[in-house]
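Numbering (full-length UniProt numbering), first residue to last: 1 to 80. Report on one structure; see the data block that follows.
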């Protein structure tokens, strides 16, 4: 586990959340959702790096990510 990579990805994920909030209010909703999905994906990578030896935690995190991704895609399709 490389701590520097985890910190860098966590900072980048937080920057994407802030950009998502800014774009939610000032740009467009779809752009904000894209930023939030990128941040969620980076968070998934960070959790998988942190819990490398604990397979059951990784399964739970990956399953919850898949559920959230399916819901977001369904909402995006409903919006268009």
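The C-beta atom is built at its ideal place from N, Cα and C for all residues, glycine as well.
(message) Rounded to whole angstroms, what is the Cα-Cα separation between residue 17 and residue 39?
(response) Taking the chain shown and counting its residues from 1, one reaches residue 17 at position 17. Taking the chain shown and counting its residues from 1, one reaches residue 39 at position 39. Going by the C-alpha atoms only, they are around 6 Å apart.
(request) Below 6 Å CB to CB, which residues in the same chain sit around residue 57 once its five sequence neighbours on both sides are set aside? (result) Here the question's residue 57 lines up with position 57 in the chain shown. Result list for residue 57: 51, in chain order.
(message) Measuring only the C-alpha atoms, how far is residue 31 from residue 9?
(response) As a position in the chain shown, residue 31 is number 31, starting the count at 1. As a position in the chain shown, residue 9 is number 9, starting the count at 1. For residue 31 and residue 9, the distance between alpha carbons rounds to 20 Å.
(message) Looking at the secondary structure, which residues open and close the alpha helix (DSSP H) in which residue 20 lies?
(response) Taking the first residue of the chain shown as 1, we reach residue 20 at position 20. From DSSP, the alpha helix (DSSP H) with residue 20 extends over 3-26.
(request) State the Cα-Cα distance for the pair residue 7 and residue 41, rounded to the nearest angstrom. (result) On the chain shown, position 7 is the one that residue 7 refers to. On the chain shown, position 41 is the one that residue 41 refers to. Those two C-alpha atoms are separated by around 15 Å.
(request) Return helix, strand or coil for residue 54, following the three-state DSSP convention. (result) Within the chain shown, the letter at position 54 stands for residue 54. Note: residue 54 maps to coil in three-state DSSP.
(message) Would residue 61 and residue 47 qualify as a contact pair, given that the criterion is a beta-carbon distance under 8 Å?
(response) The count along the chain shown starts at 1 and reaches residue 61 at position 61. The count along the chain shown starts at 1 and reaches residue 47 at position 47. Yes.
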